[in-house]
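K.L.:
First residue of the sequence shown? That's 5 in my numbering, and the numbers climb one at a time after it. Cβ coordinates follow ideal geometry from the N, Cα and C atoms, glycine included.
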Amino acid sequence: MNPQRKIMTLGEFTIQELRNFPAATGELSGLLRDIGLAAKRVNVEVSQAGLVDILGDAGRINVQGEDVKKLDIFSNQQFISVLQGGINCAGVGSEENEDILVFDDPLSNQSKYVLLMDPLDGSGNIDVNVSIGTIFSVHRRVTPRGTPCTKDDFLQPGNCVVAAGYIIYGSSTILVYATRRGVNGFTLDPSIGEFCLSHPNLKCPPDGNIFSVNLGNMEKYDEPVKEYVRYCMHRDPGSGRPYTHRYIGSMVADIHRNLIKGGIFIYPGTSDRPSGKLRLLYECNPMAFIVEVAGGKALTAAGQRVLDVQPTAIHQRTPMYIGSRHMMEKLEDFLTNAM
Ligand code: P6P
């Protein structure tokens, strides 16, 4: 890297955004800095997970009926602690908590934002050292400032998202966040303990040759989905490069790869789980917002944007198809022809 090039930290970047957007009050910048702080604390534990007794199961089941990993709990606690200690968030909806957490104190009640998060997605991969991630989205509250937030503040469609992002704890730790003005990525520099701008103005390549799906569920997919997967597996060489199958089992890692290289990730409904596995509010909406701002598409079915779904429950699930625009348009042909 050119030593003369000034490296911009996450804090400096959000302040630059503030200057470029005079109407901004600085609350979103503060909230993003809080998120960055919590992410750095989680990163310390994730990077040491193999060394300290934080691997493995916590011996309890979460609201999703899934084994809770110790790092899940730690990450959830870290984000809640930082956000509750800040003054930029009125409350949190988390995968790890049945109900919303209301930060009912005078300063937090004045905040105009609430946050939804999956504190540690892909946690089944923790014990095998595969990349995992935190996913978050920020909504402007619909209830009056000065009062405690309510569930209505969280049950907003993704097309109302103000900002969304993820942190991927992998070969390096990268925080990617989007506002309507663009998507930017920041890589953690451990030598200074700061997230530094490394992926300015991220754009999802309009095409790609990577498809990401759990082939183990193949027999449980609807016929149009099976036909699309077979198309990906046996693509006519004459129509361009053959596709490559990649499936990490950690959505943040799969979608981050596709955001950089181009590709498609699908988690369809199945015969036993018609709504699929992924949660709408704190997994699908944030990733859909980021990928759409970057130029990609995200659907729950042909013609149905993820971001347009009106939520009715905090933990509701949805099928999701997400990725490069041209690949998504090809997929939609398969899903539409079936209708
Ligand atoms: P399956 C992780 O548990 C997760 O929620 C996503 O990160 C990931 O893409 C998906 O589930 C993997 O699910 O059923 O393919 O193992």
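Could you check the C-alpha separation between L41 and L311 for me, to the nearest Å?
P.N.:
L41 and L311: Cα-Cα distance of roughly 28 Å.
K.L.:
Report yes or no: do the segment 193-208 and the segment 126-138 share at least 3 C-beta pairs separated by less than 8 Å?
P.N.:
They do not touch, by the three-pair rule.
K.L.:
Would you check whether the ligand P6P has a heavy atom nearer than 8 Å to the C-beta of S135?
P.N.:
No - the ligand P6P has no heavy atom lying nearer than 8 Å to the Cβ of S135.
K.L.:
Under the DSSP definition of a beta bridge, which residues are partnered with Q20?
P.N.:
Answer by DSSP bridge pairing: none, since Q20 is not bridged.
K.L.:
For L282, is the beta carbon positioned less than 8 Å from some heavy atom of the ligand P6P?
P.N.:
Yes; taking the cut-off as 8 Å, the Cβ of L282 has a heavy atom of the ligand P6P nearer than that.
K.L.:
Can we count D76 as close to the ligand P6P, meaning its CB is less than 8 Å from some heavy atom?
P.N.:
No; taking the cut-off as 8 Å, the Cβ of D76 has no heavy atom of the ligand P6P nearer than that.
K.L.:
Starting from P246 and walking both ways along the beta strand (DSSP E), at which residues does that stretch end?
P.N.:
That residue, P246, is in no beta strand (DSSP E); it is neither H nor E in DSSP.
K.L.:
Helix, strand or coil: how does DSSP classify K230 here?
P.N.:
K230: helix per DSSP, three-state reduction.
K.L.:
Comparing the CB of E16 with every heavy atom of the ligand P6P, is any distance shorter than 8 Å?
P.N.:
No.
K.L.:
I'd like to check one pair, I326 with A302: are the Cβ atoms closer than 9 Å?
P.N.:
Yes.
K.L.:
Does the segment 168-181 come close enough to the segment 136-153 that 3 or more CB-CB pairs lie under 8 Å?
P.N.:
Output reads yes: the segment 168-181 touches the segment 136-153.
K.L.:
Taking the alpha-carbon of I91 as reference, which of G299, I104 and Q114 has the nearest alpha-carbon?
P.N.:
The shortest C-alpha separation from I91 is found at Q114.
K.L.:
Alpha carbon to alpha carbon, how far is L35 from L119? Give it in angstroms, no decimals.
P.N.:
About 9 Å.
K.L.:
Given a threshold of 16 other Cβ atoms within 10 Å of its Cβ, counted over all protein chains shown, does Q82 qualify as buried or as exposed?
P.N.:
Flag for Q82 reads buried.
K.L.:
Closer than 8 Å to a non-hydrogen atom of the ligand P6P - does that hold for the CB of V166?
P.N.:
No, since every heavy atom of the ligand P6P falls outside the 8 Å radius drawn around the Cβ of V166.
K.L.:
On the three-state DSSP scale, how would you describe I270?
P.N.:
Residue state, collapsed to three classes: strand.
K.L.:
Taking only heavy atoms of the ligand P6P into account, decide whether any of them is closer than 8 Å to the Cβ of V256.
P.N.:
Correct: V256 has its Cβ closer than 8 Å to the ligand P6P.
K.L.:
Compute the beta-carbon to beta-carbon distance between Y271 and M324, rounded to the nearest angstrom, for a pair I have assumed lies under 8 Å.
P.N.:
Y271 to M324, Cβ: 5 Å. Contact.
K.L.:
DSSP has Q308 in a bridge; who is on the other side?
P.N.:
Answer by DSSP bridge pairing, in chain order: A305.
K.L.:
State the Cα-Cα distance for the pair D337 and V297, rounded to the nearest angstrom.
P.N.:
Those two C-alpha atoms are separated by around 23 Å.
K.L.:
Below 8 Å, how does it come out for the segment 253-267 and the segment 204-218: are there three or more Cβ pairs, yes or no?
P.N.:
Counting Cβ pairs under 8 Å, three or more are found: they touch.
K.L.:
The ligand P6P heavy atoms versus the CB of D125: any closer than 8 Å?
P.N.:
Yes, the Cβ of D125 comes within 8 Å of a heavy atom of the ligand P6P.
K.L.:
Between the C-alpha atoms of C288 and T322, what's the straight-line distance to the nearest angstrom?
P.N.:
If you take the alpha carbons of C288 and T322, they lie about 8 Å apart.
K.L.:
Nearest-angstrom Cα distance between L22 and S33?
P.N.:
Approximately 7 Å between the Cα atoms of the pair.
K.L.:
Would L159 pass as a contact of P315 if the rule is Cβ separation under 9 Å?
P.N.:
Against a cut-off of 9 Å, the Cβ pair of P315 and L159 comes out as a contact.
K.L.:
Helix, strand or coil for R149 per DSSP?
P.N.:
Three-state result, R149: coil.
K.L.:
Leaving out five residues on either side along the sequence, give the residues of the same chain with a beta carbon under 7 Å from the beta carbon of T13.
P.N.:
Around T13: E198, F199 and C200.
K.L.:
Who are the Cβ neighbours of A292 in its own chain at under 8 Å, not counting the five residues just before and after it?
P.N.:
Here the set comprises G162, A302, R309, V310, L311, M324 and I326.
K.L.:
I need the boundaries of the alpha helix (DSSP H) containing A257, first residue and last residue.
P.N.:
Segment M255 to K265, the alpha helix (DSSP H) holding A257.
K.L.:
Within 10 Å of its beta-carbon, does N189 have 16 or more other beta-carbons around it, so buried, or fewer, so exposed?
P.N.:
Note that residue 189 corresponds to Gly in the displayed sequence, not to Asn. The residue is buried, with at least 16 neighbouring Cβ atoms inside 10 Å.
K.L.:
Apart from the five residues on each side of it in sequence, which residues of its chain come closer than 8 Å, Cβ to Cβ, to R37?
P.N.:
Excluding residues within five positions, the ones whose Cβ falls inside 8 Å are L14, G15 and T18.
K.L.:
Please report the straight-line C-alpha distance between K74 and G97, rounded to a whole angstrom.
P.N.:
Answer to the nearest angstrom: the Cα atoms are 19 Å apart.
K.L.:
Leaving out five residues on either side along the sequence, give the residues of the same chain with a beta carbon under 6 Å from the beta carbon of K332.
P.N.:
The question names Lys, yet the displayed sequence has Met at residue 332. These residues qualify, in order along the chain: K301.
K.L.:
Can you give the beta carbon distance from A306 to L339, rounded, assuming they're within the 8 Å contact cut?
P.N.:
So it is a contact: roughly 4 Å between Cβ atoms.
K.L.:
What's the C-alpha gap between G186 and R329?
P.N.:
Computed Cα separation, rounded: 17 Å.
K.L.:
From the beta carbon of D276, is the nearest beta carbon of chain C less than 9 Å away?
P.N.:
You won't find chain C in this structure, because it holds only one protein chain.
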